Amino acid sequence: MTTPAPTRLWNRDFLLLWLGLIQSYLGDAFYTVGLTWLLLNTTGSPTVVATALGIQALPKLLGPLAGVVVDRTNKKALMIGCDLARGVLLGAMFLLESMGMLAIWQIYIFIILMSLLSIFYMPSLRVILPKVVPDTALPSANSALQFGLQAALIGGGSLAGALLAFTDVAAGLLIDAGSFFVCALMLCFVRFPADMTKSSALSPRQVWGDIGEGFRYIATKHTILALAGLAFCLNLVLSPVNIIFPIFAEQLGSGVQGFGILTSALAAGLLVGSLLAGLIGDRLTPLQAFALGLSGMALALLGLGYAQVFALALGLAVLLGSMAPIIQVPLVSLLQRSVPQEYQGRVFATIDTMMTISIPLASLLAGQSLSLFPLSWVFWGGAAGVAALVLVCLLAMRRQALPEAQPSPS
77 MTTPAPTRLW
87 NRDFLLLWLG
97 LIQSYLGDAF
107 YTVGLTWLLL
117 NTTGSPTVVA
127 TALGIQALPK
137 LLGPLAGVVV
147 DRTNKKALMI
157 GCDLARGVLL
167 GAMFLLESMG
177 MLAIWQIYIF
187 IILMSLLSIF
197 YMPSLRVILP
207 KVVPDTALPS
217 ANSALQFGLQ
227 AALIGGGSLA
237 GALLAFTDVA
247 AGLLIDAGSF
257 FVCALMLCFV
267 RFPADMTKSS
277 ALSPRQVWGD
287 IGEGFRYIAT
297 KHTILALAGL
307 AFCLNLVLSP
317 VNIIFPIFAE
327 QLGSGVQGFG
337 ILTSALAAGL
347 LVGSLLAGLI
357 GDRLTPLQAF
367 ALGLSGMALA
377 LLGLGYAQVF
387 ALALGLAVLL
397 GSMAPIIQVP
407 LVSLLQRSVP
417 QEYQGRVFAT
427 IDTMMTISIP
437 LASLLAGQSL
447 SLFPLSWVFW
457 GGAAGVAALV
467 LVCLLAMRRQ
477 ALPEAQPSPS
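Just add 76 to the spot in the sequence shown (first one is 1) and you have this note's numbering.
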């Protein structure tokens with residue numbers, strides 16, 4: 077049976093997809109809080125917690141391989157299977173913990189397996205999204221998903237902390253397991269187009285051939301390289317916040333409480349920016365949106381270098397966070413519109429791998445910079461780097477180096 081073409085954003089299929097993902101994101105907040113406190117209570121070692129968080133990144137280095145699987149397999153079955161598998165893993169963790177049999181090495185294995193499943197899920201989601209909303213609503217759909225993610229992370233973290241304080245912290249694992257099962261159930265009722273539910277055989281030779289083909293495609297497409305580079309640079313700017321903001325809060329005399337408030341302000345900015353990105357939609361070309369977001373980010377970083385008052389720093393943190401979705405939403409939408417479907421899984425998974433690599437690199441650069449220069453110089457250096465990207469965008473607009481993302485004709 078042919079799936080009818082969507083005519084509006086909040087259609088039945090997108091609503092089911094969105095609701096399933098939002099409650100799953102809420103469950104993830106319970107998982108993060110519960111697992112962190114479980115490790116601390118069990119070992120009392122921050123090193124163990126840091127190791128657990130660090131090994132989550134390892135499977136993401138396999139992004140190009142995951143992209144091949146996404147491009148070659150039934151995406152609906154893949155997403156449902158990943159949700160069910162993660163639910164089973166978390167349920168097993170909860171049972172082992174309840175019986176007092178959960179060892180640290182077992183937790184590490186569970187974390188790696190959970191992360192491994194996620195590298196197939198997110199590229200699949202980005203590939204199927206243009207099929208469940210009309211093209212004119214694609215930026216709004218990406219914005220809605222981004223908004224839901226940020227809202228769930230902010231609200232879910234607070235809710236998880238409040239509820240788990242009165243119960244066993246391992247209950248967070250069970251709650252997240254339930255959220256994955258619910259998401260899998262809701263995905264069963266989302267109508268995927270026929271071309272999204274087809275699979276083709278995969279041999280080891282085909283896998284390596286497809287990986288190489290994906291790299292060659294990315295390397296020969298200047299637009300894709302530029303967008304991947306922009307995503308990488310954006311992560312370089314935002315990811316070292318947990319290193320820079322504690323020092324900044326100390327300099328402002330607000331201590332650990334100020335650090336928490338600054339981090340919340342950045343998260344609130346991401347939430348506001350997600351709404352703004354949806355309102356902007358296709359009113360700006362991607363390059364115009366990139367220039368706007370990067371200009372605001374450069375202004376925020378410049379101001380943070382001068383800020384001596386906590387209230388001003390708070391406002392600038394909100395501004396910094398709000399600019400990121402204004403860049404991210406059109407970036408993802410442009411990739412969804414311009415990359416042929418048969419390459420999308422590999423493109424998105426490869427970019428996800430690049431983003432993962434950028435996080436430790438950003439932390440290393442931030443740490444070295446803070447040991448050599450005053451904090452204000454680090455902020456100004458970041459502002460100068462972002463301003464250089466603005467100039468690149470302006471030059472590209474002049475030369476029309478990137479295509480404008482116009483809605484497809486109906």
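The beta-carbon is built from N, C-alpha and C at its ideal position, and this holds for glycine as well.
Predicted, not measured: the structure shown is a model, and the values here were computed from it.
Whether leucine 303 touches isoleucine 427 by CB criterion (9 Å): yes
With a floor of 4 residues, list each alpha helix (DSSP H) that falls wholly inside the region 172–207, ordered by position along the chain. none
Next item on the list: In the DSSP assignment, find the unbroken alpha helix (DSSP H) run with asparagine 311 in it and report its ends.
Entry: 298–314
Note to self: So the candidates are Gly120, Tyr419 and Leu97; which of them puts its Cα closest to the Cα of isoleucine 287?
What the structure shows: Tyr419
Other residues of its chain near tyrosine 197: CB distance less than 7 Å, five sequence neighbours each side excluded: Met155 and Cys158
- Specify the secondary structure class of aspartate 244 as computed by DSSP and reduced to three states. coil
Q.
Classify proline 285: buried if its beta carbon has 16 or more other beta carbons within 10 angstroms, exposed otherwise.
A. Checking the sequence shown, residue 285 turns out to be glycine, not proline. It is exposed - the Cβ of glycine 285 has fewer than 16 other Cβ atoms within 10 Å.
Sequence-distant residues of its chain with Cβ nearer than 6 Å to phenylalanine 366 (five each side left out)
Ile403 and Cys469
* Asked: In whole angstroms, what separates the C-alpha of alanine 393 from that of isoleucine 319?
  -> 14 Å
_When Ala153, Ala179, Arg148 and Ala247 are compared against valine 109, the one with the closest alpha-carbon_ = Ala247
Identify which residue in Leu205, Arg162, Leu92 and Val203 has its Cα closest to the Cα of phenylalanine 186. Arg162
Q. Just the Cα atoms here: how many angstroms apart are leucine 478 and threonine 361?
A. Any reading at leucine 478 must be qualified, since the residue scores a pLDDT of 49, below 50, and its modelled position is unreliable; no value is offered.
**Q.** Contact set for leucine 85: own chain, Cβ-Cβ below 8 Å, skip 5 residues either direction
**A.** Val209, Pro210, Ala213, Ser216, Ala217 and Ala220
Chain-order list of residues whose beta-carbon lies under 8 Å from that of lysine 151 (same chain, five-residue window excluded)
Ser200, Val203, Ile204, Phe268, Met272 and Thr273
Inter-residue spacing [alpha-carbon to alpha-carbon] between isoleucine 183 and leucine 137: 20 Å
How many angstroms separate the CA atom of alanine 383 from the CA atom of glycine 233? 29 Å
Could you compute how far the alpha carbon of proline 280 sits from the alpha carbon of isoleucine 251?
37 Å
Checklist entry - Does the Cβ-Cβ distance between leucine 377 and leucine 352 come in under 9 Å? => result no
For glutamate 289 and leucine 306, I'd like the C-alpha separation in whole angstroms. 22 Å
- Query: How many whole angstroms separate the CB atoms of serine 447 and valine 454, which I take to be in contact at a CB cut-off of 8 Å?
  - Reply: At roughly 10 Å, the Cβ-Cβ gap does not stay under 8 Å, so serine 447 and valine 454 are not in contact.
Original post:
Is proline 82 buried or exposed, if buried means 16 or more other CB atoms sit within 10 Å of its CB?
Top reply: buried
task = Measure the Cβ-Cβ separation of lysine 174 and glutamine 132 and say whether it is below 9 Å.
result = Inspection of the sequence shows that residue 174 is occupied by serine rather than by lysine. For serine 174 and glutamine 132, no; Cβs fall outside 9 Å.
**Item:** Anticipated Cβ contact below 8 Å, serine 414 with threonine 339, distance rounded
**Value:** Contact doesn't hold; Cβ gap of about 35 Å is too wide.
Three-state secondary structure assigned by DSSP to tryptophan 453
helix
Original post:
Would you call the CB atoms of glycine 357 and serine 255 closer than 9 Å?
Top reply: no
Would you mind sorting asparagine 311 into buried or exposed? The rule is 16 or more other CB atoms within 10 Å of its CB.
-> buried
Note to self: Taking the alpha carbon of serine 276 as the reference point, which residue from Val146, Ile180 and Ile98 has its own alpha carbon closest?
What the structure shows: Val146
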